[in-house]
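All the letters of the sequence shown, read from the start, carry residue numbers 149 to 331 under the working numbering. For reference, the structure is listed below as structure tokens.
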Amino acid sequence: MPTRKTVDSNTGSNLRDIILGGQDGLVNVLGVILAVASATHDTRVVIIAGLAATFAESISMAAVGYTSSKAAKEYYASTAPKRVHRVVIDAWENPLRSALVIGAAAVVGSLVPLVPFIVLDIGAATIAALVISTLVLFATGFVKNKITMGNPFAGGIEMASIGMLAALAGYAIGSFLGVALYA
């Protein structure tokens, strides 16, 4: 029977922030670049759109991480009984740290599907971005479930499946728009 590891509150919030930023950055940018690639078939436009999405996504996710962490911290501070007030506040994450972790993870996640378009032609880059992104999402879900004592393979399959469904929706939308706008 596996023993549960002792984990401090920062480990849990760091894990949450890394997954939130990384998965959102990867899936969002993958969806955008697949849509742009299928609509335009122009690598330069894909790279520009991917970089724009990377920076907009990262800044937005960092801001959301900050404001949501701060709101949660303030909520718990206002509702906690006085005797546990200090424990709750001390255990809750720092909103600025959360914002920085989410923003950095979003940048890293966003670059995963974008790099193939910098080094490969558009057809090969599209396939490489899908394969690499699927593997990274699977690995992230695998590691997450390993840390949380869940089934690592189930976590990997779940994260890869959810991410790819969202990204492929972007591809389908881009294909439709490409036909509609360039027909």
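Ideal Cβ positions, reconstructed from N, Cα and C, are used throughout, including at glycine.
Item                                                                                                                              : Value
From Asn162, Arg164, Gly169, residue whose alpha carbon lies closest to that of Ala252                                            : Gly169
Cβ contact check for the stretch 193 to 209 and the stretch 171 to 184: 3 or more pairs under 8 Å                                 : yes
Extent of the continuous alpha helix (DSSP H) run through Leu199                                                                  : 191 to 227
Cα-Cα separation, Asp238 to Lys292                                                                                                : Any reading at Asp238 must be qualified, since the residue scores a pLDDT of 49, below 50, and its modelled position is unreliable; no value is offered.
Segments assigned alpha helix (DSSP H), at least 4 residues, entirely inside the stretch 236 to 303                               : 243 to 267, 270 to 295
Contacts around Ile250, its chain only, beta-carbon distance under 7 Å, and the 5 residues preceding and following it disregarded : Asp165, Leu168, Gly169, Met209, Ala210, Gly213
Contacting residues, own chain, Cβ-Cβ under 7 Å from Ile295 (five flanking each side not counted)                                 : Leu163
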